[in-house]
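A.B. asks:
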Amino acid sequence: MLYFSCVSEKADCGAASRVVATTPRRFVIAGWTGRDAVAIEHHIEELAALGVPRPSSVPLYYRGGPNLLSQVHDQQVVGADSSGEAEPVLFFAEGEWWLTVGSDHTDRTVESYSVAASKQMCPKPVASAAWRWKDIADHQDEIQLESSILEGDKWVPYQRGTLASIRPLQSLRDGIFGIGSEDVDGYFLFCGTLAAIPNAEGRGIRPAGEMQIALRDPRTKRSIEHRYSVEVLPVIA
C-alpha cells in the first residue's frame, strides 16, 4: 500500500489529515516521450553512448512490476552502474487521477542489452505527496521537473525543465490505459524524463549515492519533493 498526502488548492483537501491510499496493481513506464524531436534524438544518443539500443518507436510503454514502487528513502541496488531519472507520475486512486514525482532508477549495464529487462532491476522511488490531476491539468506545461544528485559533498543540478518538454500527460495515459477506462484503480504511469545536465567531464547520465527529485508549480508555489539514497550491493558470481 502506498500513501500520499493530498496537496491541493481545493477546500476539501486542505486538512493535513487528508491522505490518498492505494495498492499498486499495474505499473507502466513510458519512454521516449519528448515533444521535441531534436531533444528526443539527443536523449537517444545520450543513452546510445552507454550502449543502449535505439527505440523501435516513440513513445514506447514498458511494463514493470508494481512491487518496484517504493516510498522508502533508503534503496538498495546490485552493482554500481545504476542511476535515477526524475519523472512525473500519474496514478489513479479513490476515484480520480493524481500527479506525483518518481525516479525511474535503472541499471545501465542491463539497459545496454534490454531496456525492458533493466526496468525490472531497480526499485522505483516515488514521493509521498500528490496533487489532484484536475487541479493542474490546464497548466501542466508550467510545472517544473527537476533533480539534483550528491557528488562528493555537494548537491549539483542533474535535470531541469518543465513538463512542456514532455508530451501532454493525459495523451500518454490514454495511449496505454485507454480513454474512459473504468477499472484503473491502482494504475501507475511514469511519464518520461528530461536529459541529464553534463558535469565538468562532460558526463550526463551517471550514478550517485543520493538523489533529490521534485515537481514545482509556479502558480501555487507548491512543491512535491522526494530524496533517496542508494546502497550498492556487491555483484557475486
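If you read the sequence shown in the numbering used here, its first letter stands for residue 13, the second for the next number, and so on.
Using N, Cα and C, we set each Cβ at its ideal position, and we do this for glycine too.
In the structure shown, what three-state DSSP assignment does Gly114 receive?
C.D. replies: Strand.
A.B. asks: Report the three-state DSSP secondary structure of Gly187 (helix, strand or coil).
C.D. replies: Note: Gly187 maps to helix in three-state DSSP.
A.B. asks: Do the CB positions of Phe104 and Val40 come within less than 9 Å of each other?
C.D. replies: No, the pair does not count as a contact, with Cβ atoms beyond the cut-off.
A.B. asks: Identify which residue in Thr112, Thr45, Glu163 and Gln156 has its Cα closest to the Cα of Arg218.
C.D. replies: Arg218 has its Cα closest to that of Glu163, out of Thr112, Thr45, Glu163 and Gln156.
A.B. asks: Exposed or buried, what is Val247 when buried is set at 16 or more other beta-carbons lying within 10 Å of its beta-carbon?
C.D. replies: With fewer than 16 other Cβ atoms within 10 Å, it is exposed.
A.B. asks: Would Gln250 and Gly77 qualify as a contact pair, given that the criterion is a beta-carbon distance under 9 Å?
C.D. replies: Here the chain covers residues 13 to 249 and nothing more, so residue 250 does not appear.
A.B. asks: According to DSSP, simplified to helix, strand and coil, what is Val247?
C.D. replies: In the structure shown, Val247 sits in coil (DSSP, three-state: anything other than H, G, I, E or B).
A.B. asks: Within 10 angstroms of the Cβ of Pro100, are there 16 or more other Cβ atoms? Answer buried if so, exposed if not.
C.D. replies: It is buried - the Cβ of Pro100 has at least 16 other Cβ atoms within 10 Å.
A.B. asks: Mind listing, in chain order, the continuous alpha helix (DSSP H) runs of no fewer than 4 residues lying wholly within the segment 127-183?
C.D. replies: Within the segment 127-183, the complete alpha helix (DSSP H) runs of at least 4 residues are 127-130 and 145-148.
A.B. asks: If you scan the segment 32-81 from start to end, which runs of the beta strand (DSSP E) of 3 or more residues do you find wholly inside it?
C.D. replies: Within the segment 32-81, the complete beta strand (DSSP E) runs of at least 3 residues are 38-43 and 72-76.
A.B. asks: Tell me the DSSP secondary structure of Glu99 in three-state form.
C.D. replies: It is a strand residue.
A.B. asks: So Val70 and Ile52 are in contact, right, with Cβ under 8 Å, and what is the actual spacing, rounded?
C.D. replies: At roughly 6 Å, the Cβ-Cβ gap stays under 8 Å, so Val70 and Ile52 are in contact.
A.B. asks: Would you mind reading off the limits of the beta strand (DSSP E) that contains Glu1?
C.D. replies: No information on residue 1 is available, as it lies outside the stretch 13 to 249 that the chain covers here.
A.B. asks: Once you ignore the five residues that flank Ala141 on each side, which residues in its own chain have a CB closer than 7 Å to its CB?
C.D. replies: Taken in chain order, the residues that qualify are Phe16, Ser17, Val19, Thr112 and Ile236.
A.B. asks: May I have the straight-line CA-CA distance separating Ser44 from Val50, to the nearest angstrom?
C.D. replies: Here residue 44 turns out to be Trp, not Ser, going by the sequence shown. C-alpha separation (whole angstroms): 12 Å.
A.B. asks: What is the residue span of the beta strand (DSSP E) that Leu201 lies within?
C.D. replies: Per DSSP, Leu201 belongs to the beta strand (DSSP E) from Tyr199 to Phe202.
A.B. asks: Measuring only the C-alpha atoms, how far is Thr35 from Val138?
C.D. replies: When rounded, the distance between both Cα atoms is 13 Å.
A.B. asks: What is the rounded straight-line gap between the Cα of Gly26 and the Cα of Pro230?
C.D. replies: The pLDDT assigned to Gly26 is 48, lower than 50, so where the model puts this residue is not dependable; a value taken from the coordinates is nonetheless given after this. Spanning the two alpha carbons is a distance of roughly 19 Å.
A.B. asks: Relative to the alpha-carbon of Ser177, which residue among Gly46, Leu62, Trp143 and Ile148 has its alpha-carbon at the smallest distance?
C.D. replies: Ranking the options by Cα distance to Ser177, first place goes to Gly46.
A.B. asks: Give the single residue among Met13, Ile148, Arg75 and Ala128 whose Cα lies nearest to the Cα of Ser82.
C.D. replies: That would be Met13, whose Cα lies nearest to the Cα of Ser82.
A.B. asks: Leaving out five residues on either side along the sequence, give the residues of the same chain with a beta carbon under 8 Å from the beta carbon of Asp116.
C.D. replies: So the qualifying residues of the chain are Ile41, Gly96, Glu97, Glu99, Lys131, Lys136, Phe202 and Thr205.
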